[in-house]
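Protein chains in written order, with this note's numbering: chain D, 1 to 123; chain P, 124 to 454. Where a beta carbon is used, it is the ideal one built from N, C-alpha and C, also for glycine.
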Amino acid sequence: MEFKKVKGKGPTRISLDMLDPIMVPGSPASAAAPITVSPAGMSCSAELFLGPDENTKVATSGIRNFVSTGAPQSVSFPVTMPSPGGFAYHVYLDVYANGYLIVAYIATEDVIIPSGEVGPITW
Amino acid sequence: MSEFASGESKTAVAPITVKPSGLSCETELFLGPDDMTKVATSGRIPFVSTGVSQAVHLPVVMPTAEGTYHVYLDLYVEGILIGVYQAIEDVVIVPVLEFPHLNILRVEGVPFSGVGVEPKGTLFDFLQVLNMYSCANWPIAWCLTPGQPEAIAECVGGAIYSSQSELIAVLATCLEQAGVPYPSYPQGGGYVTYASSIASHWSCDEARQEVPVAYLAEPITMSTLRGISLTWVNKTIPWQQTPGIVYTMWWMLSYKPQFLAPMYGPGFRCLGVPVPPGEPCTVPITELWAQGYSYPGIYDGAVTLVITIDSYGQGLGAYFRIKNLAEIKPG
């Protein structure tokens with residue numbers, strides 16, 4: 001699952017390694033993103049969230065803190081998938097340095113939370 | 124609760140809704156004692172989600188072992204299991220009568236409570252042999268008067284399945300006990316000679332032969348004995364569209380009373396049609412072809428199937444009985 005930059009300066013693209021864009025409703029999942037912030041030593045944070053748009057957070061990892069190293073470091077984002085299913089959600093990633101939003105990303109693929117329903121079976 | 128015959132092929136139709144549309148989906152229906160044990164399964168059936176309900180067909184071959192099975196349905200999207208369902212009603216596999224070329228499944232839509240074998244000859248059949256010696260048919264000094272054939276048959280009982288010599292000995296005693304006048308045969312022997320004459324019309328060996336039998340838990344109540352519908356499934360009968368070969372398939376039903384009735388029950392028949400293997404078929408054996416009186420009591424059914432292929436057809440037919448098939452109540 002690839003990300004494209006929506007706004008801000010900084011890293012041009014972040015690749016989010018996801019096993020599958022199909023997720024089970026209400027299931028826990030953890031995204032791992034290699035993030036590079038320069039220079040090293042800065043107090044950073046990032047948040048990954050799902051929603052129909054960047055202003056609506058249906059599911060979020062919350063703020064994840066880390067210290068920049070100037071080199072790629074893997075940051076984990078545990079998220080509980082939305083429930084009920086039946087929808088596709090955009091995936092957003094915001095990166096902060098010293099409390100300031102420095103870059104915002106949107107994944108090139110949506111996460112699909114399917115829903116299933118089975119009616120009475122006849123023979 | 125759905126009841127099916129062992130090994131019967133059935134197709135479940137499940138209305139499934141998966142959202143959003145356009146997703147590659149699969150579903151599997153299986154039967155088992157729990158959701159980890161698949162005794163019978165449809166396998167994974169693929170479909171593409173439409174966002175609305177769609178009927179998915181899941182063909183299953185029923186388990187061979189009789190019993191009760193839970194019904195489960197698993198739903199996958201892009202290979203990921205998203206839903207596990209269990210039917211609120213179980214499936215029950217009921218006994219069937221099995222023959223090399225066909226199975227008999229149900230009578231009048233009612234499954235059998237059990238299947239087995241029983242002796243070919245019945246006490247009612249032996250009574251008909253005794254009736255040959257009734258005074259109405261054989262007016263001599265030691266003929267059997269009304270009531271005596273029934274009493275003698277009851278007395279003989281299970282000896283009809285023993286050896287011929289034992290049958291003769293028991294029958295001789297029963298003739299005397301029934302009050303039959305001493306038979307004055309010129310050559311002597313009395314009751315033993317009389318019993319030997321009667322027993323010559325009965326084969327203990329043949330009576331002991333086993334015939335397939337299916338049991339109904341409760342007999343069908345009838346005001347007068349009538350035809351019945353029978354559900355069967357073709358397994359290997361070679362119905363082929365071969366020029367010049369004509370297949371006929373006659374089903375015949377006769378009623379055998381469980382009690383010592385004075386008359387046979389009526390007979391019914393039906394000309395069947397060729398059907399391909401697999402799908403159950405119901406035949407109405409309702410054409411009356413032999414008359415009879417209907418006395419109150421419980422009757423078994425004796426069904427004969429004769430399949431003719433040109434002038435052949437041996438081995439493709441069947442004979443079986445249905446215990447407790449019908450009951451005529453007094454009044």
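Following the DSSP letters along the chain, one finds residue 287 of chain P in no beta strand (DSSP E) but inside the alpha helix (DSSP H) bounded by residues 287 to 300.
Residues of the stretch 87 to 121 of chain D that bring their beta carbon within less than 8 Å of a beta carbon in chain P comprise 87, 88, 112, 114, 115, 116, 117, 118, 119, 120, 121, in sequence order.
Between the C-alpha atoms of residue 392 of chain P and residue 431 of chain P there is a straight-line separation of about 15 Å. Within 8 Å of the CB of residue 143 of chain P, the CB atoms of chain D belong to 86, 87, 88, 112, 114, in sequence order along the chain.
Note on residue 306 of chain P: 16 or more other CB atoms within 10 angstroms of its CB, so buried under the neighbour-count rule. Taken in chain order, the members of the stretch 201 to 234 of chain P whose beta-carbon sits within less than 7 Å of a beta-carbon on chain D are 201, 203, 205, 206, 208, 210. Residue 424 of chain P is bridged by DSSP to P:378, P:445. Chain-ordered, the chain P residues with CB closer than 7 Å to the CB of residue 22 of chain D read 200, 201, 203.
Judged by DSSP secondary structure, residue 279 of chain P falls within the alpha helix (DSSP H) whose first and last residues are 271 to 279. Between the stretch 222 to 240 of chain P and the stretch 168 to 176 of chain P there are fewer than three C-beta pairs closer than 8 Å, too few to call the two in contact. For the pair residue 283 of chain P and residue 244 of chain P, the CB atoms are nearer than the 8 Å cut-off. Here residue 108 of chain D is exposed: its Cβ has fewer than 16 other Cβ atoms, across all protein chains shown, within 10 Å. Residue 238 of chain P is positioned such that its CB atom lies closer than 8 Å to that of residue 219 of chain P.
DSSP links residue 197 of chain P through a beta bridge to P:151, P:207. Annotation for residue 65 of chain D: 43, 44, 45 place their beta carbon closer than 8 Å to its own, counting only its chain and skipping 5 residues before and after.
Residue nearest to residue 236 of chain P within the set P:317, P:341, P:146 is P:341 (criterion: CA-CA distance).
Take residue 135 of chain P, set aside five residues on each side of it, and the residues of its chain with a beta-carbon closer than 6 Å to its own are 152, 181, in chain order. Contacts with chain D at 8 Å (Cβ-Cβ) do not include residue 132 of chain P.
When secondary structure is reduced to three states using DSSP, residue 251 of chain P falls in the helix class. Residue 442 of chain P is not a Cβ neighbour of residue 415 of chain P, given a cutoff of 8 Å. For the options P:197, P:318, P:154, P:280, the alpha carbon positioned closest to that of residue 382 of chain P is the one of P:280.
Per DSSP, residue 100 of chain D is one residue of the beta strand (DSSP E) stretching across 100 to 107. The C-beta of residue 357 of chain P has 16 or more other C-beta atoms within 10 Å across all chains shown, which makes the residue buried.
Beta-bridge partners assigned by DSSP to residue 180 of chain P: P:136. Across the structure, residue 199 of chain P and residue 139 of chain P are spaced so that their CA atoms are roughly 11 Å apart. Interface flag for residue 320 of chain P against chain D is unset, since no Cβ pair is found closer than 8 Å. Around the beta carbon of residue 423 of chain P, 16 or more other beta carbons sit within 10 angstroms, so the residue counts as buried. At a beta-carbon threshold of 8 Å, none of the residues of chain D lie near residue 163 of chain P; the nearest stands roughly 13 Å away. Within chain D, the C-beta atoms nearer than 9 Å to that of residue 136 of chain P come from 121, 122, 123, in chain order. Per the C-alpha coordinates, the member of P:260, P:261, P:296, P:288 positioned closest to residue 277 of chain P is P:296.
When secondary structure is reduced to three states using DSSP, residue 30 of chain D falls in the strand class. Cβ-Cβ separation between residue 37 of chain D and residue 68 of chain D: approximately 4 Å, consistent with a contact (criterion under 8 Å). The DSSP-derived three-state label of residue 344 of chain P is strand.
Within the same chain, 195, 196, 197, 198 come within 8 Å of residue 208 of chain P by CB-CB distance, once the 5 residues on both sides are set aside. Under the DSSP assignment, residue 405 of chain P falls in the beta strand (DSSP E) whose first and last residues are 404 to 408.
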